[in-house]
Structures are given as C-alpha cells and as structure tokens.
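So in the working numbering the end of the sequence shown lands on 598, straight run, no missing numbers. Note that beta-carbon positions come from the ideal geometry of N, C-alpha and C, so glycine has one too. Since this is a predicted model, take the numbers as computed values, not measurements. Here the structure comes first, spelled out in structure tokens, and everything after it is commentary.
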Amino acid sequence: MIERLHLDLRRTVDESYDILIGHGLFEHIPVDLKISPLGNKYAIITDSEIRDLYGWKLLENLEGEGIKACLIDFPAGEESKNLDMVGYLVRRLLENRIDRKSAIIALGGGVVGDLGGFTASVFMRGIPYVQVPTTLMAQVDSSIGGKTAVDTSEGKNIIGAFYQPKKVYIDPSLLKTLPEREFISGLAEVVKYGVICDQSLFKYLEENRDKIKNREKDTLLHIVKASCRIKKEVVEEDPKEENKRAILNYGHTPAHALERISGYKCLHGDAVSVGMMVSGGISVRKGFWNEDEWNRQNRLLESLGLPLKMDFKVSVEDLIEALHYDKKAEGGAIMFVLPRRIGEMALVNGKYKIPVSESELRTFLRSILL
Ligand SMILES: NC(=O)c1ccc[n+]([C@@H]2O[C@H](COP(=O)([O-])OP(=O)(O)OC[C@H]3O[C@@H](n4cnc5c(N)ncnc54)[C@H](O)[C@@H]3O)[C@@H](O)[C@H]2O)c1
Ligand SMILES: [Zn+2]
Numbered sequence: 229m230i231e232r233l234h235l236d237l238r239r240t241v242d243e244s245y246d247i248l249i250g251h252g253l254f255e256h257i258p259v260d261l262k263i264s265p266l267g268n269k270y271a272i273i274t275d276s277e278i279r280d281l282y283g284w285k286l287l288e289n290l291e292g293e294g295i296k297a298c299l300i301d302f303p304a305g306e307e308s309k310n311l312d313m314v315g316y317l318v319r320r321l322l323e324n325r326i327d328r329k330s331a332i333i334a335l336g337g338g339v340v341g342d343l344g345g346f347t348a349s350v351f352m353r354g355i356p357y358v359q360v361p362t363t364l365m366a367q368v369d370s371s372i373g374g375k376t377a378v379d380t381s382e383g384k385n386i387i388g389a390f391y392q393p394k395k396v397y398i399d400p401s402l403l404k405t406l407p408e409r410e411f412i413s414g415l416a417e418v419v420k421y422g423v424i425c426d427q428s429l430f431k432y433l434e435e436n437r438d439k440i441k442n443r444e445k446d447t448l449l450h451i452v453k454a455s456c457r458i459k460k461e462v463v464e465e466d467p468k469e470e471n472k473r474a475i476l477n478y479g480h481t482p483a484h485a486l487e488r489i490s491g492y493k494c495l496h497g498d499a500v501s502v503g504m505m506v507s508g509g510i511s512v513r514k515g516f517w518n519e520d521e522w523n524r525q526n527r528l529l530e531s532l533g534l535p536l537k538m539d540f541k542v543s544v545e546d547l548i549e550a551l552h553y554d555k556k557a558e559g560g561a562i563m564f565v566l567p568r569r570i571g572e573m574a575l576v577n578g579k580y581k582i583p584v585s586e587s588e589l590r591t592f593l594r595s596i597l598l
C-alpha cells in the first residue's frame, strides 16, 4: 500500500524592486535605508580597491544615521569570484554578527555584485541585499536582473542563482574614479542595448562620442538611464531567460569563448565588442542583417575605443572549440542571437536563439576573422 501525501507549494511571489538613478545618490543611501529598512544590521561587501574609494565613506555615512553596519572586503578581480571566497565571506559575516535579520550591501563592480549577491542568496538560506554598482558595466548591466554566480575551474558563472536585490542604487558620479579601460569596456554593453532594442540610443552614441568619452555628467546619466530601462523591460518580460532575455546576450556567445581562450585575462566588454563584430558578421552571412548596418555598428565600437579583434591570436578552430564549452551550445549547434536591423533582433520560429551549425560557423568565421 502506497500512501500519497501531496505537498501543495504553488505560490506567487512579488520580487519587484526599484532602481534609483542619480548623481549624488550615494550620499542618500543611508537615509533611504533608514526610511525603508531591510534589516537590523548591514554588511557592506566590497573589494579591496573600492573599500578605500567608497567603502569606508558608506560605512561612516550609515553609522552617522545611527544604522548598525560593518565592512567586509576581498581582493579585487575576477579571480575572487569563486566558492572559496563565498566561504570566506560567510565566515566574516558570522564574525561580524550578521544574522538572518540582517542585509547585505554589494558595493562595487560586477564581481562584487555577482559574489555579494550569491553570498546573500545562500547565507542562512537567503538574506536581503541591495546593489550599489560602481563600474559602468555594473551600472548598466550586472546590478539589474538578479543573476548571481561564481566561477569554477571549468568556467565562468557555473554555480549561481537567480536572486533579486531589494533595490539598486546607481550613482553615475562614482564612475569618475573608474580607470579608462574599465569605462570603455562598459560602453560595449551600452552599444549592445542600442543594437538589440533602441535605435535612438544607438544614434545618441554615434552623435555624442566625445561627451561620452569625457564622461560628461548629463551624457553619462542619459546612457545609464537608457540602458537600465532596456534591461529592466527585457527582464520583466522574461525573467528566467526562456526566450526574449537571451537578446541581452548579443555578442556574448563569441565573447565567452574569447574570454575562455584568454584564460579570463581580457576585459569582458572588450570580448563583447569583438563578439558583436563576430555575431553581427554571422547575421549578415545568414542574410538577416545588411552589411552597411554591421559596418555602422563596428565603426561606433571602434570610435568609442573598443576593439574589433583581440590582442592575442585566435584561430577559427580555437574559437569553435571554445564555443562548444559555452552553456549556449545546445545539441551540437551553437546558439546565437542575431540582429536584423539596428534596434531589432531576428526571430526564427518565434525564438531569438538561433542555431548555427558547426560547418556553417566554420565558413562564416573564416571570412569574418580574416
Ligand atoms: N550578473 C550579471 O547579469 C552580469 C552581467 C555582466 C557581467 N557580470 C559579471 O561582472 C563581472 C565584471 O564586472 P566589472 O566589469 O564591473 O569588473 P570588476 O567588478 O572586476 O571591476 C573592475 C575593476 O574596477 C575597480 N573599480 C570598480 N569600481 C570602481 C570605481 N568607481 N573607481 C575605481 N575603480 C573601480 C574594481 O576594484 C576592479 O579592480 C564579471 O564577473 C561578469 O561575469 C555579471
Ligand atoms: Zn556582458
């Protein structure tokens, strides 16, 4: 006789949150947390560089508002985005008497956001966290959408969770101290948004290159806001990446392969820039996109200081081999999202992810990488 007990766990959850964007917002975070608290104590998780630039300041501001807080840092860089560091952060959280009633503030670039967010998702089975992104990459992309992860020796973002922050505080003034290379790398994601969904953003980038490169206040605010709006709308439509959210990965299939080949030494945005050149070229070869627009995209990337080829040698065979490691390889063919015009992505059978067979790819890559 088999007994069957049915445990009914259907539920609807509301994971909505605000993304606040503004120059000078950093100074207002403590007041905002005082008005809408997330916990009885806050742990600021940051990296060794941001600690001195903004970490101590945030701690002081929180304490100035009478909010209990501590600061925990780890060595800056992608090498820290691993499970050992999650263990280290958990120990430091416990030492600082952070408990399930506390919250985390992830203050930093994408590495801090991914690692801090993932730690928040597993610490005591999950405590609330907010994102305070400090790189352009994090302000326009990684701080929004709740993808958190760490790398393993097998690859990037292998262990992770969808875990949404309770709020995202974006202050473009924090970008003032960002090194030039990191800033330009972040611009690759902004160009991406233009190509995948927003023709007017794309034109704005073409017409305001110098102001962008000089990080003029209003220009920065404009591109950050436009990018966040696009990311937000796409994530709202497809939070778990069943179809539409994949367009945010434009250029990323080749980019992840290039990053793997570089041993993760190259900047993500540089790889995305080259990746968009490659994916755009595939789209042209497959007849989805016209060559003039592909060239226009590539000219914009170059004029912003982004690369169209990596500064190390990449053979077609190396690239194909690395593409097979990618999570996006499904059943032999490799999946790409491909533009059909600036501001719109191609759909095949209602799907944005389009398979490209290995033999097709070999032919395309030979002509594109020459
Ligand atoms: N979760 C997502 O949806 C998502 C999306 C895109 C990228 N990512 C991840 O983001 C990571 C890359 O993030 P990143 O490009 O922000 O790199 P990063 O976090 O490593 O930051 C780059 C460097 O800039 C320094 N820095 C950060 N802000 C600064 C500032 N304001 N002034 C001076 N220096 C500053 C950092 O200390 C670091 O040395 C990758 O691990 C990638 O996988 C995640
Ligand atoms: Zn990216």
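Residue range of the unbroken alpha helix (DSSP H) whose run includes residue i
i: A454; result: K445 to E465
i: A304; result: Here A304 belongs to no alpha helix (DSSP H), and DSSP marks it neither H nor E.
i: Q367; result: Looking at the DSSP string, Q367 is not in any alpha helix (DSSP H), and its letter there is neither H nor E.
i: D280; result: It is not in any alpha helix (DSSP H) - D280 carries neither H nor E in the DSSP assignment.
i: A416; result: E408 to C425
i: A485; result: H480 to I489
i: L321; result: L311 to E323
i: I548; result: V544 to Y553
i: R594; result: E586 to L597
i: A334; result: Unbroken run through A334 is the beta strand (DSSP E), A331 to G336; no alpha helix (DSSP H).
i: R437; result: R437 to K441
Residue i versus residue j: straight-line alpha-carbon distance, rounded
i: K329; j: E434; result: 47 Å
i: Y391; j: S490; result: 29 Å
i: I398; j: D342; result: 16 Å
i: L364; j: T481; result: 21 Å
i: D327; j: A297; result: 12 Å
i: L286; j: D246; result: 20 Å
i: G294; j: L429; result: 42 Å
i: V584; j: K472; result: 18 Å
i: E464; j: M229; result: 46 Å
i: K453; j: K460; result: 10 Å
i: G338; j: A331; result: 19 Å
i: I458; j: K439; result: 22 Å
i: S308; j: F302; result: 7 Å
i: P467; j: G388; result: 15 Å
i: L566; j: C494; result: 23 Å
i: F592; j: I548; result: 11 Å
i: F346; j: I300; result: 15 Å
i: T447; j: R409; result: 18 Å
i: F516; j: E288; result: 54 Å
i: S595; j: I510; result: 10 Å
i: I386; j: A377; result: 7 Å
Best match in the options for proximity to residue i [C-alpha to C-alpha]
i: L335; options: T376, N324, I295 and A271; result: A271
i: L483; options: V423, E417, S455 and I440; result: It should be noted that the sequence gives Ala, not Leu, for residue 483. Of the listed residues, the one whose Cα sits closest to A483 is E417.
i: V368; options: V350, G383, L322 and L415; result: L415
i: S455; options: L261, K420 and N310; result: K420
i: M313; options: V544, G373, G292 and D379; result: D379
i: I475; options: Y580, F592 and A348; result: Y580
i: E545; options: E277, W522, S371 and R590; result: R590
i: L486; options: M538, N526 and I355; result: M538
i: E586; options: S595, A561 and G578; result: A561
i: N442; options: K269, G383, L403 and N523; result: L403
i: A574; options: L597, Q359, Y478 and I249; result: Y478
i: I424; options: P400, G508, E470 and R353; result: G508
i: N436; options: V350, P361, V512 and L529; result: L529
i: V506; options: G422, F564 and D520; result: F564
Assigned exposure category for residue i - 16 Cβ within 10 Å defines buried
i: V576; result: exposed
i: D280; result: exposed
i: Q427; result: exposed
i: I451; result: buried
i: L322; result: exposed
i: V259; result: exposed
i: T274; result: buried
i: F254; result: buried
i: V241; result: exposed
i: P265; result: exposed
i: W284; result: exposed
i: G315; result: exposed
i: P393; result: buried
i: K445; result: exposed
i: G503; result: buried
i: Q234; result: At residue 234 the sequence reads His, which differs from the Gln that was named. Exposed: under 16 other Cβ atoms inside 10 Å.
Residue i: first and last residue of the uninterrupted beta strand (DSSP E) it sits in
i: Y270; result: Y270 to D275
i: K395; result: K395 to I398
i: V378; result: K375 to T380
i: K384; result: G383 to F390
i: M504; result: That residue, M504, is in no beta strand (DSSP E); its alpha helix (DSSP H) goes H496 to R513.
i: I372; result: I372 -> no beta strand (DSSP E), and no H or E assigned at all.
i: I263; result: Here I263 belongs to no beta strand (DSSP E); instead the alpha helix (DSSP H) covers L253 to I263.
Chain-ordered residues, beta carbon under 6 Å from a heavy atom of ligand 2: My final list is D369, E417, H480, H496 and V500.
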